[in-house]
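Structure first, commentary second.
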Amino acid sequence: MEQPILAAMLSLSSTRLGDDEKRLLAKYNPLGISLFGRNIENLPQVKALVKEIKETIGRDDILIAVDQEGGRVCRLQGDGFYPLASMQQLGKIAAEKSMELATVTAAQHVALTCCDLKKSGINFNYAPVLDKAYPDTTPALRSRCLGEDEKLIAKLGRAMLQEYAVNHICPCIKHLPGHGRAVVDPHLHLPVIHASLKELEKDFYPFQQLSDAPAGMTAHVVIEAVDNLPATQSPKVINEIIRGAIGFDGLLISDAIDMKALTGTSAEKAAASLAAGCDAVCYCSGNISEMESVCRACTNLADKSLIRFAKVKNIIQSEVNINALADEYYRTVGTIETYDSQYDATEVLHQMQQKN
């Protein structure tokens, strides 16, 4: 019987797995692992780390995730990896040149991103950012937004999702249901959005247009018109807005529960996020004792979450495994007749011409 999958994206402390981390991963069987700058030195090292993670957990469908947006949010950097423009730079191409060129460039951006992810063994990217920017959007987010035009965001976002699918990397749209009106950094404070639901329709628009995305990440923001709880921990926001008005039915992962926008211990924050309707939580600090408490607080993936996870797996596992295909082929066909040039009509004809 297969081990249940813990509803958590966990993290590591360094560039190699420690013994305590190996024990914890094998014990809890998490949905995935998020990699950060502290986990990445170079290409050979990150490939070795991913291999070690997979061997420890023992699942081919383990999600190996990273924030590779572009600009200042790029975990894979340096020799062997492509420098990537920010979302803001990509969005400006539409205004400064043309929408057609911006769309092509957005797809190229993802193709380069996927090249780096695939050669590293990473199969899941916390991108693209679909938040609509505003003049007072917190600097923590503004350059990570495609722009202030929700229709442009949706169009470029669609081009990006399509390119991820072609490359068999699972994208994760963020931050549902919209983070752009936040004027404070959720890493440090809890943003409160005072706009009416009518005003928020523009913020929801890109997410509605891309509601078929396989995965998404919540925003640690209070939508005052709906609830006084952060969206990540609000059953009303998740059910009525993210799953309802926006229509998103992909795998819903919390933003990092380590952020100061959420209150309580990491274990309490994890439990509250799952109870509200997140399919999984994201714990990023890599502290082994704290991570143990998070794991104990988390449930396993629910039935609906497993169905959503199956759609993610369909993306990341859809490339043909040639070795497995060959094994099955040879088992079916049995012994293969050895090539004999004297029965190759073209070869025999050639030999006859040579003699003449």
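The C-terminal position of the sequence shown is numbered 1589 in this note's numbering, with every residue numbered one higher than the one before it. Every residue gets a Cβ at the ideal spot worked out from N, C-alpha and C, and that includes glycine.
Residue i versus residue j - alpha carbon distance
i       : j       : result
CYS1511 : CYS1403 : 18 Å
LYS1544 : TYR1516 : 23 Å
ILE1386 : PRO1447 : 18 Å
VAL1527 : SER1499 : 6 Å
GLU1333 : LEU1323 : 12 Å
SER1246 : MET1450 : 23 Å
CYS1378 : TYR1359 : 14 Å
GLY1265 : PHE1542 : 11 Å
GLU1432 : GLN1442 : 17 Å
GLU1501 : ALA1530 : 7 Å
GLY1291 : ASP1252 : 16 Å
PRO1372 : GLN1321 : 12 Å
GLY1480 : ILE1474 : 8 Å
ASP1460 : ARG1476 : 15 Å
ALA1241 : ALA1504 : 11 Å
GLY1270 : THR1568 : 50 Å
LYS1280 : ALA1428 : 45 Å
ILE1286 : ASP1293 : 10 Å
ILE1548 : LEU1394 : 11 Å
GLY1411 : GLN1236 : 35 Å
LEU1484 : TYR1315 : 28 Å
LEU1363 : SER1319 : 13 Å
ALA1328 : ASP1491 : 37 Å
ASP1592 : ASN1272 : The displayed coordinates of the chain run from 1234 to 1589. Any statement about residue 1592 would go beyond what the structure contains.
GLN1550 : VAL1283 : 16 Å
LEU1409 : TYR1367 : 16 Å
Cβ-Cβ distance between residue i and residue j below 8 Å
i       : j       : result
ILE1355 : VAL1417 : no
ILE1295 : LEU1268 : no
LEU1534 : ILE1326 : no
PHE1357 : CYS1405 : yes
LEU1317 : THR1289 : no
LYS1365 : LYS1255 : no
ASP1349 : LEU1389 : no
GLU1381 : ILE1426 : no
SER1353 : GLY1304 : no
Run of the alpha helix (DSSP H) containing residue i, from where it starts to where it stops
i       : result
LEU1498 : Per the sequence shown, the amino acid found at residue 1498 is Thr instead of Leu. It is not in any alpha helix (DSSP H) - THR1498 carries neither H nor E in the DSSP assignment.
LEU1409 : Per DSSP, LEU1409 belongs to no alpha helix (DSSP H); it is in the beta strand (DSSP E), 1406-1409.
SER1526 : 1521-1530
THR1336 : 1332-1353
ALA1327 : 1320-1329
ASP1512 : Run containing ASP1512: none; DSSP gives neither H nor E here.
Residue range of the unbroken beta strand (DSSP E) whose run includes residue i
i       : result
GLY1311 : Run containing GLY1311: none; DSSP gives neither H nor E here.
GLN1301 : 1301-1303
MET1242 : 1239-1244
LEU1393 : The amino acid at residue 1393 is misidentified as Leu; the sequence shows Met. That residue, MET1393, is in no beta strand (DSSP E); its alpha helix (DSSP H) goes 1383-1399.
ILE1486 : 1484-1489
ILE1266 : 1263-1268
ALA1448 : 1448-1451
Cutoff 7 Å; reference residue i; Cβ partners in own chain excluding five residues on either side
i       : result
PRO1463 : LEU1423, HIS1453, VAL1454, VAL1455, ALA1494 and LEU1495
THR1336 : LYS1388, LEU1389 and ALA1392
ASP1369 : VAL1416
GLY1313 : ASN1275 and LEU1276
ALA1478 : PHE1437
Cβ shell of residue i (< 6 Å), same chain only, five flanking positions each side left out
i       : result
SER1487 : THR1451, THR1465, SER1506, CYS1511, VAL1514 and CYS1515
LYS1537 : none
ALA1489 : CYS1515 and CYS1517
GLU1396 : ALA1340, VAL1343 and ALA1344
ILE1471 : ALA1509 and GLY1510
GLU1274 : THR1248
PRO1419 : HIS1453, MET1492 and ALA1494
Exposure of residue i, with buried meaning 16 or more beta-carbon neighbours within 10 Å
i       : result
LYS1407 : buried
LEU1421 : exposed
ARG1414 : buried
GLN1301 : buried
SER1331 : exposed
LEU1430 : exposed
PRO1263 : buried
VAL1399 : exposed
GLY1311 : exposed
ASP1560 : exposed
SER1522 : exposed
ASP1445 : exposed
PRO1277 : exposed
PRO1468 : exposed
Contacting residues, own chain, Cβ-Cβ under 8 Å from residue i (five flanking each side not counted)
i       : result
GLU1525 : LEU1257
GLU1383 : LYS1365, LYS1435, ASP1436, TYR1438 and PRO1439
ASN1520 : SER1246
ALA1259 : THR1289, ILE1290 and GLY1291
Short CB-CB distance (under 8 Å) between residue i and chain C
i       : result
PRO1419 : Although the question refers to chain C, the structure presented lacks it and comprises just one protein chain.
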